[in-house]
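Since the structure comes first, as structure tokens, the remarks are kept for the end.
Residue numbers (the working numbering): 334 to 563.
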């Protein structure tokens with residue numbers, strides 16, 4: 334069995350995608366967290382883009398970019414998470430490629446500099462949710478993107494749907510309830526043990542602290558006392 338090291342920042346959603354895939358495949362791996370503002374030399378030597386995630390295989394191979402890592406894991410370790418049907422596989426890949434746009438639209442409010450920008454970001458949330466609602470309706474009865482079988486699409490979206498709920502608890506957004514198929518999907522993903530790299534309350538506290546420290550518009554809705562308690 335190969336030896337795997339996954340390098341991450343503690344709250345990075347892109348790394349979380351790959352950690353989910355490793356857990357779904359029941360692979361033992363070392364999870365090593367580094368500081369965003371203090372990236373060690375050994376990490377810079379193995380990360381061409383200076384970004385996480387990096388998956389180190391057998392201390393000799395360094396893979397980077399979460400999509401590439403997850404495709405590699407799916408090709409080399411059973412069970413296969415991609416559909417066997419080539420058309421469905423292409424559809425899955427297309428929706429995974431849409432993820433950066435979805436992430437920007439659904440979690441962008443965390444980076445908005447003022448109220449006007451924040452409201453613009455919030456206006457994007459239902460647009461992203463509507464697209465996924467229609468896609469999920471075509472894909473089957475659930476609970477996952479392809480119906481009963483968990484896939485790389487589920488692993489890709491889980492971190493960002495989780496963060497939507499975190500943001501909704503910082504300042505109510507109130508959108509996901511309007512999209513029943515999407516909400517059922519999000520709830521199923523959040524209940525799945527593989528989604529979580531940390532205990533859920535601990536991880537939400539870390540996320541809230543990150544939002545507070547950004548000193549953006551949303552930061553004002555997190556009380557200093559609450560952050561100190563976390």
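A virtual CB, placed ideally from N, CA and C, is assigned to each residue, including glycine.
Predicted, not measured: the structure shown is a model, and the values here were computed from it.
So what's residue i in DSSP terms, helix, strand or just coil?
{"i": "residue 390", "result": "strand"}
{"i": "residue 560", "result": "No answer about residue 560 holds up, because its pLDDT of 48 lies below 50 and its placement is not dependable."}
{"i": "residue 341", "result": "strand"}
{"i": "residue 396", "result": "strand"}
{"i": "residue 365", "result": "strand"}
{"i": "residue 506", "result": "coil"}
{"i": "residue 452", "result": "helix"}
{"i": "residue 379", "result": "helix"}
{"i": "residue 353", "result": "helix"}
{"i": "residue 464", "result": "helix"}
{"i": "residue 407", "result": "helix"}
{"i": "residue 445", "result": "coil"}
{"i": "residue 335", "result": "coil"}
For residue i and residue j, I'd like the C-alpha separation in whole angstroms.
{"i": "residue 490", "j": "residue 538", "result": "20 Å"}
{"i": "residue 502", "j": "residue 393", "result": "43 Å"}
{"i": "residue 410", "j": "residue 339", "result": "16 Å"}
{"i": "residue 447", "j": "residue 358", "result": "42 Å"}
{"i": "residue 416", "j": "residue 426", "result": "10 Å"}
{"i": "residue 443", "j": "residue 458", "result": "12 Å"}
{"i": "residue 334", "j": "residue 423", "result": "30 Å"}
{"i": "residue 391", "j": "residue 418", "result": "32 Å"}
{"i": "residue 465", "j": "residue 437", "result": "14 Å"}
{"i": "residue 557", "j": "residue 435", "result": "30 Å"}
{"i": "residue 484", "j": "residue 542", "result": "31 Å"}
{"i": "residue 407", "j": "residue 375", "result": "27 Å"}
{"i": "residue 352", "j": "residue 361", "result": "10 Å"}
{"i": "residue 461", "j": "residue 346", "result": "18 Å"}
{"i": "residue 562", "j": "residue 546", "result": "Any reading at residue 562 must be qualified, since the residue scores a pLDDT of 40, below 50, and its modelled position is unreliable; the value itself is stated next. Each residue's alpha carbon lies about 15 Å from the other."}
{"i": "residue 430", "j": "residue 548", "result": "30 Å"}
{"i": "residue 499", "j": "residue 354", "result": "22 Å"}
{"i": "residue 550", "j": "residue 488", "result": "29 Å"}
{"i": "residue 371", "j": "residue 432", "result": "28 Å"}
Between residue i and residue j, which are expected to be in contact by the criterion C-beta below 8 Å, what is the C-beta distance as a whole number of angstroms?
{"i": "residue 366", "j": "residue 399", "result": "Residue 366 to residue 399, Cβ: 16 Å. No contact."}
{"i": "residue 493", "j": "residue 486", "result": "In fact, because the Cβ distance is near 12 Å, the residues do not count as touching under 8 Å."}
{"i": "residue 381", "j": "residue 397", "result": "6 Å"}
{"i": "residue 584", "j": "residue 387", "result": "Nothing can be reported for residue 584: it is not among the residues displayed for the chain, which extend from 334 to 563."}
{"i": "residue 475", "j": "residue 517", "result": "6 Å"}
Can you tell me which residues form a DSSP beta bridge with residue i?
{"i": "residue 371", "result": "368"}
Does at least one heavy atom of the ligand SAH sit under 7 Å from the Cβ of residue i?
{"i": "residue 449", "result": "As presented, the structure is devoid of all ligands, the ligand SAH included, so that no description of it is given."}
Jot down the residue ranges of each uninterrupted alpha helix (DSSP H) in the segment 512-552, minimum 4 residues, whole runs only, in chain order.
513-524, 533-547
In chain order, each alpha helix (DSSP H) run of at least 4 residues that lies wholly inside the segment 416-440
419-430, 432-440
Report the residue ranges of all alpha helix (DSSP H) runs contained in full by the segment 469-498; include only those spanning at least 4 residues, in chain order.
none
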